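Here is the structure we will look at, set down as C-alpha cells.
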Amino acid sequence: MSEIADILIVGGGVMGCSIAYHLARLGAGRVILLERQAICTGTTGRSGAIVRQHYSNDFTVRMAKESLHVFQHFADLVGGECGFTTTGMLVFSAEQGVEALRANVQLQQEQGVPTRLISGEEVKDVAPGYSGKGVALACYEEDAGVADPMATTSCFAQRARDLGVQIYEGVHVSRILTDHGRVTGVETVQGTFTAQKVVLAANAWSPALARTIGIDLPIIATRHPMLVLRRPDDFGGRFGLHAVCLDLTRSIYLRPDIGGVTLIGSSENVLTESDPDNYAQGLTEEEIRYFATMGKGALTPLARAVPRGNWAGIYDDTPDYHPILGRLPQYEGLYCAAGFSGHGFKLSPVVGQWMAQYMTSDQLPDDMQHFAYERFERGQEIRPRYNSGVLG
Ligand SMILES: Cc1cc2nc3c(=O)[nH]c(=O)nc-3n(C[C@H](O)[C@H](O)[C@H](O)COP(=O)(O)OP(=O)(O)OC[C@H]3O[C@@H](n4cnc5c(N)ncnc54)[C@H](O)[C@@H]3O)c2cc1C
56 MSEIADILIV GGGVMGCSIA YHLARLGAGR VILLERQAIC TGTTGRSGAI VRQHYSNDFT
116 VRMAKESLHV FQHFADLVGG ECGFTTTGML VFSAEQGVEA LRANVQLQQE QGVPTRLISG
176 EEVKDVAPGY SGKGVALACY EEDAGVADPM ATTSCFAQRA RDLGVQIYEG VHVSRILTDH
236 GRVTGVETVQ GTFTAQKVVL AANAWSPALA RTIGIDLPII ATRHPMLVLR RPDDFGGRFG
296 LHAVCLDLTR SIYLRPDIGG VTLIGSSENV LTESDPDNYA QGLTEEEIRY FATMGKGALT
356 PLARAVPRGN WAGIYDDTPD YHPILGRLPQ YEGLYCAAGF SGHGFKLSPV VGQWMAQYMT
416 SDQLPDDMQH FAYERFERGQ EIRPRYNSGV LG
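Numbering (our numbering) for the sequence shown: 56 to 447.
Structure (C-alpha cells):
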C-alpha cells in the first residue's frame with residue numbers, strides 16, 4: 056500500500072476523528088486517517104466522557120462551553136447520536152480548596168455558564184443520593200452531562216467518511232518521514248503514505264512517533280483506574296441517572312451510566328510513568344475496595360452497590376496538564392493534537408474545529424494560542440487552580 060494525500064492524521068480516537076471530520080467540512084483535499092488498531096480502541100474507548108465547563112482559565116471555560124453546545128445539538132451540527140445526556144454536576148471541596156472553587160465558579164459565571172455555589176447541607180436537595188457530609192463548599196453546574204465516547208467517535212468518523220476522508224484501520228505508523236526540514240509523510244508496516252501535512256493525534260503514543268524525527272514531546276503516559284458499580288435497584292432502577300460529581304474531598308469522580316451503573320475514577324494526578332503498551336489493564340482488589348469505599352462516602356446508595364467490572368486507561372499528561380495543539384516548529388507541515396491529560400473528550404468538538412481551521416488557513420483561533428508547544432520553553436505554562444491538575 057502506498058498512497059498520496061494532502062493531510063495525514065495519525066490516530067483514530069475522538070481527536071483524530073473530529074479533526075478528520077472538520078478538515079473534510081472545510082474541503083481540505085485528500086485526507087487520510089491511519090489507525091493502528093480500530094477506531095476508538097485507545098483512551099477514548101475507556102473514557103468517563105463527562106462533559107463539564109468547570110475549568111480554571113477563561114479560555115478553557117469558553118472551549119468547554121462551545122463543545123458542550125455541540126454535544127447538546129450533535130445530531131444537527133455533526134450528525135448521528137453521541138449519547139449526550141444532561142445530568143448536572145457537583146464539585147465538592149474541602150476547606151483548603153474553597154478559594155479555588157469560588158474563583159472557578161465566578162470565572163464560569165462571567166463566561167455565562169449556569170453554575171452556583173451551594174453548601175454541603177444543600178447538596179442532597181440538588182442531587183438526591185449525595186450526602187454532602189464533610190463538604191466545606193460545593194457548586195452545581197446544571198447543564199453538565201455525560202456522552203457516549205464510542206458513539207461520538209463513530210459519528211465523527213462516519214461523517215468524515217461521508218465527506219470523503221479515507222480511514223484505514225490496522226495501519227501502524229512506524230515513523231514520520233521528512234526531507235530538508237519539512238514533513239513528507241509517514242512510513243507504516245503496510246507501506247509509505249506521502250503528504251505535505253501530518254498531524255499527530257495518537258495520545259500517549261505520540262511521543263514515540265515524534266522521537267523518530269528527534270522531537271522530544273513533553274508528554275508522559277499515566278495509568279488511571281475506573282471501577283464500575285451496579286447501584287441498588289431502588290436508586291433509579293436500570294434507567295435512572297444521578298448527577299456527576301467531582302469529589303475533591305475524596306479525590307474521586309462519579310459518573311452515572313445507563314443500565315443502573317456508576318463509574319468511579321480518581322481525580323488525582325499520577326506522577327508515575329506507565330508504558331502505554333504494557334500496563335495493568337484491570338484493577339487490584341485493593342483498588343476496588345478503595346474506590347468502592349470512597350464512592351459510598353460520596354453517594355450513599357452505593358453502600359449497597361456491587362462491583363460490575365473495571366478497567367484502567369491511559370492519560371497523556373503534559374507538565375501543565377493541558378494539550379499541545381498546533382504546529383511542531385521543528386518541521387514544516389508537522390502538527391500535534393495530543394497531551395490531553397485526562398480531560399480531552401469533552402473538548403474534542405472544538406479541538407477538531409481549531410485544528411482544521413489552522414491547518415487549512417494558517418489562521419490561529421484566538422484561544423488556541425495558549426496551547427502552543429513553545430509555551431513550555433517560554434515559561435507560559437497554563438495554571439490550573441486545583442492541585443488535581445488533571446481537572447484542568
Ligand atoms: C479512565 C479515563 C477517564 C476519562 N474521563 C474523561 C472525562 O470524564 N471527560 C473527558 O473530557 N475526558 C476524559 N478522559 C480523557 C479522554 O478520554 C481523552 O483525553 C481522549 O479520549 C483522548 O482522545 P485521543 O483521540 O487523543 O486518544 P485515543 O483515543 O487514545 O486515540 C489515539 C489513537 O491513536 C492510535 N495510535 C497510537 N499509535 C499509533 C500509531 N503508531 N499508528 C497509528 N495509530 C496509532 C491508538 O490506537 C488510538 O486509537 C478520560 C480518560 C480515561 C483514561
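For glycine and all other residues, C-beta sits at the position ideal for the given N, C-alpha and C.
Note that the structure is predicted; figures quoted are calculated from it, not measured.
**Prompt:** Sorry if obvious, but does the Cβ on Val106 come closer than 8 Å to a heavy atom of ligand 1?
**Reply:** Yes, the Cβ of Val106 comes within 8 Å of a heavy atom of ligand 1.
**Prompt:** Would a C-beta distance cut-off of 9 Å place Arg285 and Gly315 closer than the cut-off?
**Reply:** Note that the C-beta distance between Arg285 and Gly315 is below 9 Å.
**Asked** Among Leu282, Gly292, His297, which one has its Cα closest to the Cα of Ile343?
**Response** A check of alpha carbon separations from Ile343 across Leu282, Gly292, His297 identifies Leu282 as the nearest.
**Prompt:** Beta carbon of Gly407, beta carbon of His128: below 9 Å?
**Reply:** In terms of Cβ geometry, Gly407 and His128 do not form a close pair [threshold 9 Å].
**Request:** Could you tell me whether any non-hydrogen atom of ligand 1 is closer than 8 Å to the CB of Asp371?
**Result:** For ligand 1, at least one heavy atom lies less than 8 Å from the Cβ of Asp371.
**Message:** Quick check: does the Cβ of Cys95 come within less than 8 Å of any heavy atom belonging to ligand 1?
**Reply:** Flag set: Cβ of Cys95 near ligand 1.
**Distance cut-off 8 Å: Lys401 Cβ against heavy atoms of ligand 1** = Relative to ligand 1, the nearest heavy atom lies less than 8 Å away from the CB of Lys401.
**Prompt:** Thinking just about the alpha-carbon of each residue, which of Ile270, His124, Cys210, Glu196 is nearest to the one in Thr142?
**Reply:** When only C-alpha atoms are compared, the closest one is Glu196.
**Message:** Is it buried or exposed, Arg107, if we count other Cβ atoms within 10 angstroms and call 16 or more buried?
**Reply:** By the 10 Å Cβ count, Arg107 comes out buried.
**Asked** Name the DSSP bridge partner or partners of Cys194?
**Response** Beta-bridge annotation (DSSP): Cys194 is paired with Val146, Leu172.
**Asked** Does ligand 1 have a heavy atom nearer than 8 Å to the CB of Gly407?
**Response** Short note on Gly407: C-beta not closer than 8 Å to any heavy atom of ligand 1.
**Message:** Looking at ligand 1, does it come within less than 8 Å of Gln92, judged from the CB to the closest heavy atom?
**Reply:** Gln92 Cβ: within cutoff of ligand 1.
**Request:** Please go through the same chain and pick out, in chain order, the residues whose beta-carbon is closer than 8 Å to the beta-carbon of Val181, but skip the five residues on each side of it.
**Result:** Sequence-distant Cβ neighbours of Val181 in its own chain, meaning closer than 8 Å and more than five residues away, are Gly143, Leu145, Ile173, Tyr195, Ala298.
**Asked** Counting only runs that start and end within the segment 74-152, where is the beta strand (DSSP E) found for 3 or more residues in a row?
**Response** Counting only runs of 3 or more residues that sit fully inside the segment 74-152, the beta strand (DSSP E) segments are 86-90, 144-148, in chain order.
**Prompt:** Can you name the residues that DSSP bridges to Leu264?
**Reply:** For Leu264, DSSP assigns no beta-bridge partner whatsoever.
**Request:** May I ask you to check if the CB of Thr98 is nearer than 8 Å to at least one heavy atom of ligand 1?
**Result:** Thr98: yes, Cβ under 8 Å from ligand 1.
**Request:** Please list, in chain order, all residues of the same chain as Gly200 whose beta carbon is under 7 Å from its beta carbon, the five residues on each side excluded.
**Result:** For Gly200, where only same-chain residues beyond five positions count, the Cβ hits under 7 Å are Val106, Phe139, Thr140, Thr141, Thr142.
**Secondary structure, beta strand (DSSP E): runs of 3+ residues fully inside the segment 170-255** = Considered as a whole, the segment 170-255 harbours 170-173, 192-196, 221-224, 228-234, 237-243, 246-249, 252-255 as its complete beta strand (DSSP E) runs of no fewer than 3 residues, in chain order.
**Message:** Check for me: the beta strand (DSSP E) holding Ser321 runs from which residue to which?
**Reply:** Unbroken beta strand (DSSP E) run through Ser321: 316-321.
**Any non-hydrogen atom of ligand 1 closer than 8 Å to Phe346 Cβ** = No, since every heavy atom of ligand 1 falls outside the 8 Å radius drawn around the Cβ of Phe346.
**Asked** From the beta carbon of Ile379, is the nearest beta carbon of chain C less than 9 Å away?
**Response** Absence of chain C from the displayed structure is noted, only one protein chain being present.
**Message:** I'd like the ranges of any beta strand (DSSP E) spanning at least 3 consecutive residues and lying wholly in the segment 349-427.
**Reply:** List check, beta strand (DSSP E) in window: 361-372, 379-382, 389-393.
**Request:** Could you name the residues of the same chain whose beta carbon sits closer than 7 Å to that of Arg237, not counting the 5 residues immediately before and after it, in chain order?
**Result:** Hits under 7 Å: Tyr386, Glu387, Gly388.
**Prompt:** Whose CA, out of Thr96, Arg440, Met414, lies closest to the CA of Ala367?
**Reply:** Checked all of Thr96, Arg440, Met414; the closest Cα to Ala367 is Thr96.
**Prompt:** With DSSP run on the structure shown, which of helix, strand or coil describes Arg285?
**Reply:** If DSSP states are grouped into helix, strand and coil, Arg285 belongs with the strands.
**Prompt:** Where does Ser229 land, buried or exposed, given buried means 16+ other C-beta within 10 angstroms?
**Reply:** Around the CB of Ser229, fewer than 16 other CB atoms lie within 10 Å, so the residue is classed as exposed.
**Extent of the continuous alpha helix (DSSP H) run through Arg305** = Following the DSSP letters along the chain, one finds Arg305 in no alpha helix (DSSP H), marked with neither H nor E.
**Message:** So, with DSSP's three-state summary, where would you put Val69?
**Reply:** Helix.
**Message:** By alpha-carbon positions, which one of Ala250, Leu301, Pro362 ends up nearest to Gly152?
**Reply:** It is Leu301.
**Prompt:** In its own chain, which residues sit with a C-beta less than 7 Å from the C-beta of Trp260, not counting the 5 before and 5 after it?
**Reply:** Answer for Trp260: Pro331, listed in chain order.
**Prompt:** Can you name the start and end residues of the alpha helix (DSSP H) that Arg440 belongs to?
**Reply:** Run containing Arg440: none; DSSP gives neither H nor E here.
**Prompt:** Can at least three beta-carbon pairs, one atom from the segment 197-216 and one from the segment 153-160, be found at a separation below 8 Å?
**Reply:** Under the three-pair Cβ rule at 8 Å, the segment 197-216 does not count as touching the segment 153-160.
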